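Worksheet: one structure, shown below.
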Amino acid sequence: MSASGRRRSQKYHQSTPYLFIAPFFLLFIPFGAGSVLLALGMSFVDWPLGQSPELVGLDKFATVLEDPLFGRAMRNTLYMLVGFLLALLPLCLLVAVLLKQLRRRTANVVQVVIFAPITMSLIAVALVFDLLYNERVGFVNGILDMIGVGPVPFLSDSDLAPWSIIALRIWRVLGYYAIILFAGLQAIPDEFYEAAELDGAGAWQRFRHVTFPLLKPVTMFVLVASSIAAWELFAEVDVLTDGGPARSTLTAVMYIFGASFEQFDLGKGAAASVVLAFAIIVSTVVAHRLLRSDDRA
Amino acid sequence: MPKGSFAGRMGRGTVIGLIVIVTAFPLYWLLISSLKPSTRLGEVSLIPSSVTLGNYVAAFDTQIPRWMLNTFGIALLTTLLGVVVAALAGFGFARYRFRGRSLLFGVVLASLAIPEYALVLPQFTIMRQFGLLNTWAAVILPLAANALVLFLLRQYFSQLPEELFDAARLDGSGEFRLFWTIAVPLVRPGLGAAGLLLFLNAWNAYLLPLVMLTNSEQFTMPIGLAFLHSQLNFGIVEKSPWGAITAGTVISIVPLILCLLVMQRQFIGSLTAGAVKA
Numbered sequence: 001m002s003a004s005g006r007r008r009s010q011k012y013h014q015s016t017p018y019l020f021i022a023p024f025f026l027l028f029i030p031f032g033a034g035s036v037l038l039a040l041g042m043s044f045v046d047w048p049l050g051q052s053p054e055l056v057g058l059d060k061f062a063t064v065l066e067d068p069l070f071g072r073a074m075r076n077t078l079y080m081l082v083g084f085l086l087a088l089l090p091l092c093l094l095v096a097v098l099l100k101q102l103r104r105r106t107a108n109v110v111q112v113v114i115f116a117p118i119t120m121s122l123i124a125v126a127l128v129f130d131l132l133y134n135e136r137v138g139f140v141n142g143i144l145d146m147i148g149v150g151p152v153p154f155l156s157d158s159d160l161a162p163w164s165i166i167a168l169r170i171w172r173v174l175g176y177y178a179i180i181l182f183a184g185l186q187a188i189p190d191e192f193y194e195a196a197e198l199d200g201a202g203a204w205q206r207f208r209h210v211t212f213p214l215l216k217p218v219t220m221f222v223l224v225a226s227s228i229a230a231w232e233l234f235a236e237v238d239v240l241t242d243g244g245p246a247r248s249t250l251t252a253v254m255y256i257f258g259a260s261f262e263q264f265d266l267g268k269g270a271a272a273s274v275v276l277a278f279a280i281i282v283s284t285v286v287a288h289r290l291l292r293s294d295d296r297a
Numbered sequence: 298m299p300k301g302s303f304a305g306r307m308g309r310g311t312v313i314g315l316i317v318i319v320t321a322f323p324l325y326w327l328l329i330s331s332l333k334p335s336t337r338l339g340e341v342s343l344i345p346s347s348v349t350l351g352n353y354v355a356a357f358d359t360q361i362p363r364w365m366l367n368t369f370g371i372a373l374l375t376t377l378l379g380v381v382v383a384a385l386a387g388f389g390f391a392r393y394r395f396r397g398r399s400l401l402f403g404v405v406l407a408s409l410a411i412p413e414y415a416l417v418l419p420q421f422t423i424m425r426q427f428g429l430l431n432t433w434a435a436v437i438l439p440l441a442a443n444a445l446v447l448f449l450l451r452q453y454f455s456q457l458p459e460e461l462f463d464a465a466r467l468d469g470s471g472e473f474r475l476f477w478t479i480a481v482p483l484v485r486p487g488l489g490a491a492g493l494l495l496f497l498n499a500w501n502a503y504l505l506p507l508v509m510l511t512n513s514e515q516f517t518m519p520i521g522l523a524f525l526h527s528q529l530n531f532g533i534v535e536k537s538p539w540g541a542i543t544a545g546t547v548i549s550i551v552p553l554i555l556c557l558l559v560m561q562r563q564f565i566g567s568l569t570a571g572a573v574k575a
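Quick mapping for you: the protein sequence lines, in order, are chains F and H. Sequential numbering from 1 applies to the first sequence in the working numbering. Sequential numbering from 298 applies to the second sequence in the working numbering.
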């Protein structure tokens with residue numbers, strides 16, 4: 001079509017697309033894809049930090065899976081994950097539904113406030129909550145002391161500590177997920193509700209038969225994203241409890257970190273992280289299945 | 298739309314009010330704790346009996362200024378590098394058909410399923426191999442290769458009509474010129490969202506910098522604050538770093554909260570759009 005005789009389908013040089021994607025892959029190959037392969041490879045070697053690696057097959061997996069501490073760490077993580085999800089999901093749905101019923105201006109102000117915690121680092125959130133939980137200087141125990149109760153050992157009682165951690169995690173993400181659900185709610189046309197109302201559906205029935213099914217994709221995202229984050233629990237417990245008391249808040253990532261950088265056993269750390277990654281992928285698939293089977297009901 | 302009975306509105310208002318208070322109070326308490334003399338930290342009164350900037354002065358005597366500089370530097374460079382590489386690649390994947398396209402993009406998408414923490418160990422061994430531990434690069438390079446950001450920008454670029462580019466091609470523009478002068482200005486909201494995502498991620502990162510940066514000169518704020526907090530357990534009361542911790546925490550959260558207050562809808566939209574599109 002032009003003087004240079006380029007065909008219509010060949011508007012650009014063959015190498016052009018590769019030049020565009022090259023810079024990204026220059027970073028992605030070592031730190032993304034390459035690191036995944038390296039993590040797998042590392043789980044088959046004995047590699048004391050600072051020495052050279054030696055192939056040991058499945059030894060490190062055996063070590064990890066037989067280690068009662070790893071089992072404990074996985075159970076703790078799962079316990080806190082389930083508690084976290086059971087509290088978070090209904091709460092953020094409730095907040096999203098309430099946001100929808102506010103005047104637009106009020107809803108905007110409320111959104112700005114409840115979004116603030118997600119902009120903070122996990123460490124900043126943990127430190128803020130230490131100012132509330134602390135047995136010596138904490139606000140909550142200060143109040144309880146005034147009325148002659150306590151102190152409540154928020155972080156030093158092995159039954160209570162996991163829930164104290166769950167509470168601060170919910171505080172950080174509640175507004176964020178509620179706003180995501182709220183955006184999903186606003187995409188549902190008002191006519192659906194009006195039709196349901198004409199059919200005599202009450203508030204609960206409208207929620208059950210209009211809101212919930214139409215909101216499912218967004219709920220799915222919230223469920224998957226929040227459970228992945230919950231599997232990776234580390235920073236808050238690292239700062240506030242160091243896995244204690246009595247290892248009640250020892251998490252899987254904390255076990256991996258300890259194996260790699262405290263026991264200097266990179267192979268063991270890698271094997272544990274492969275097991276955890278597998279658990280995360282399985283739980284994501286299960287979450288998808290759960291919501292899908294609900295369709296048929 | 299406000300609707301329903303008076304009692305219903307009151308009930309909803311109470312619940313929302315409660316949630317706003319429960320969200321805001323810990324932040325308020327942090328702020329006034331940072332303004333109280335250290336000896337009165339445990340004082341339970343909603344309005345402090347005496348206010349001082351002493352903790353902020355004390356914070357400047359620690360390594361906090363250095364840590365803030367590191368955090369800013371790392372977050373800013375991660376954002377710049379990450380946006381540039383993801384915009385180029387996003388454009389490449391959105392606008393061209395080429396051999397290996399779906400395979401390469403599929404690999405990037407699949408990497409989203411791999412939890413970040415699982416990559417920290419191999420990334421550490423790579424950085425150690427290249428002698429990059431305790432440098433900004435050790436944190437910037439892994440964080441800049443963000444698959445979610447690439448995915449987001451590809452979406453933005455693929456919504457542009459092809460005619461736009463064909464017209465410019467007839468005028469003899471090169472492909473990079475098309476990208477830079479036509480595509481980039483049109484996806485500015487996408488670039489903003491991508492930048493915010495990368496900045497927030499780098500600003501708040503914990504595990505990666507914790508592994509890569511072991512020299513306290515190189516700490517970022519989250520690592521530094523956690524380090525100060527770990528010293529509380531040694532319990533020398535008069536030298537307790539609580540003052541520096543509370544002031545430092547305020548300093549570390551102010552920049553992003555200010556952005557949120559100034560940009561409001563755009564800020565929230567950018568961070569939730571990434572979530573909903575993915």
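Note that the Cβ used here is the ideal one computed from N, Cα and C, for glycine as well. Computed from a predicted structure; not experimentally measured.
query, result
"Pick from F:I166, F:V253 and F:G57: whose alpha carbon is nearest that of F:F315?", "The structure shown does not extend to residue 315 of chain F, since chain F is modelled only from 1 to 297, so the question has no answer here."
"Taking only three categories from DSSP, how would you classify F:Y157?", "Before going further, note that residue 157 of chain F is Asp rather than Tyr in the sequence given. Coil."
"Can you list, in chain order, the residues of its chain with a C-beta nearer than 6 Å to that of H:V508? Leave out the 5 residues immediately preceding and following it.", "V417 and F421"
"What are the boundary residues of the alpha helix (DSSP H) that H:I371 is part of?", "I361 to R392"
"From H:L328 to H:A321, what does the alpha carbon distance come to, in whole angstroms?", "11 Å"
"Can you look up F:D67 in the DSSP assignment and give me helix, strand or coil?", "coil"
"Could you tell me whether the Cβ of H:T359 comes closer than 7 Å to any Cβ of chain F?", "no"
"With H:A491 and H:A355 assumed to form a contact (beta carbons below 8 Å), what rounded beta-carbon distance in angstroms separates them?", "That pair is no contact at about 38 Å."
"Would you list the residues sitting across from F:E54 in a DSSP beta bridge?", "F:D46"
"From what residue to what residue does the alpha helix (DSSP H) around F:V253 run?", "A252 to F261"
"Grouping DSSP H, G and I as helix and E and B as strand, with all else coil, what is F:D238?", "helix"
"Count Cβ pairs between the stretch 245-264 of chain F and the stretch 384-404 of chain H that sit closer than 8 Å; are there 3 or more?", "no"
"According to DSSP, is F:D265 part of a helix, a strand, or is it coil?", "strand"
"Determine the chain F residues that contact H:Q515 at a beta-carbon separation under 7 Å, and present them in chain order.", "Per Cβ cutoff of 7 Å: no residues; H:Q515 is ~16 Å from chain F at best."
"Could you work out which residues of chain H lie near F:E232, taking near to mean beta carbons separated by less than 8 Å?", "P412, E413 and Y414"
"State the DSSP-derived secondary structure class of F:H13, mapped to helix, strand or coil.", "coil"
"I'd like the list of long-range same chain contacts for H:A480, defined as Cβ closer than 7 Å, with 5 residues on each side in sequence excluded.", "F388, F454 and L457"
"Take the Cβ of F:V52 as the centre, count every other Cβ of all protein chains shown within 10 Å, and call the residue buried at 16 or more, exposed below.", "Correcting the residue identity first, residue 52 of chain F is Ser in this sequence and not Val. Classification for F:S52: exposed."
"In this structure, how does DSSP classify F:Q111 when only helix, strand and coil are distinguished?", "helix"
"For F:V282 and H:R451, I'd like the C-alpha separation in whole angstroms.", "28 Å"
"Quick check: the Cα distance between F:F61 and F:E232, rounded to an integer number of angstroms?", "20 Å"
"Can you tell me whether H:N431 sits near the ligand HEM, meaning its C-beta is under 6 Å from at least one heavy atom of the ligand?", "No copy of the ligand HEM appears in this structure; indeed no ligand is present at all."
"Taking DSSP as the reference, what is the three-state secondary structure of H:V534?", "Below a pLDDT of 50, predicted positions are generally treated as unreliable, and H:V534, at 48, falls in that range; no measurement from the model is reported."
"Tell me the residue span of the alpha helix (DSSP H) that contains H:H526.", "M518 to L529"
"For F:G269, return the contacting residues in chain H, with the cut-off set at a CB-CB distance below 9 Å.", "L418"
"In the DSSP assignment, find the alpha helix (DSSP H) that holds H:M307 and state where it starts and stops.", "F303 to L332"
"Considering only residues of the stretch 140-223 of chain F, which uninterrupted alpha helix (DSSP H) runs meet the minimum length of 4 residues and lie entirely inside it, listed in chain order?", "161-186, 190-198 and 203-206"
"Given that H:N431 touches chain F, what residues does it touch there, using C-beta distances under 7 Å?", "Chain F residues near H:N431: none, gap ~14 Å exceeds 7 Å."
"Is any beta-carbon of chain F found at less than 7 Å from that of H:R337?", "no"
"Considering Cα atoms alone, identify which of F:W163, F:G269 and F:T16 is closest to F:T241.", "F:W163"
"Would F:V113 and H:V317 be called neighbours here (beta carbons separated by less than 7 Å)?", "yes"
"On a Cα-Cα basis, can you pick out the residue from H:T376, H:R466, H:P482 and H:P412 that is closest to H:I437?", "H:T376"
"So the alpha helix (DSSP H) H:P539 belongs to, where does it begin and stop?", "Reading off the sequence shown, one finds Trp at residue 539 of chain H, where the question assumed Pro. From DSSP, the alpha helix (DSSP H) with H:W539 extends over W539 to M560."
"What are the residues in the stretch 317-344 of chain H lying within 8 Å of chain F by C-beta distance?", "V317, V319, T320, A321, P323, L324, W326, L327, S330, L338, G339, E340 and V341"
"Please state whether the Cβ-Cβ distance between H:T368 and H:A541 is less than 7 Å.", "no"
"Are any of the Cβ atoms in chain H nearer than 7 Å to that of F:M254?", "no"
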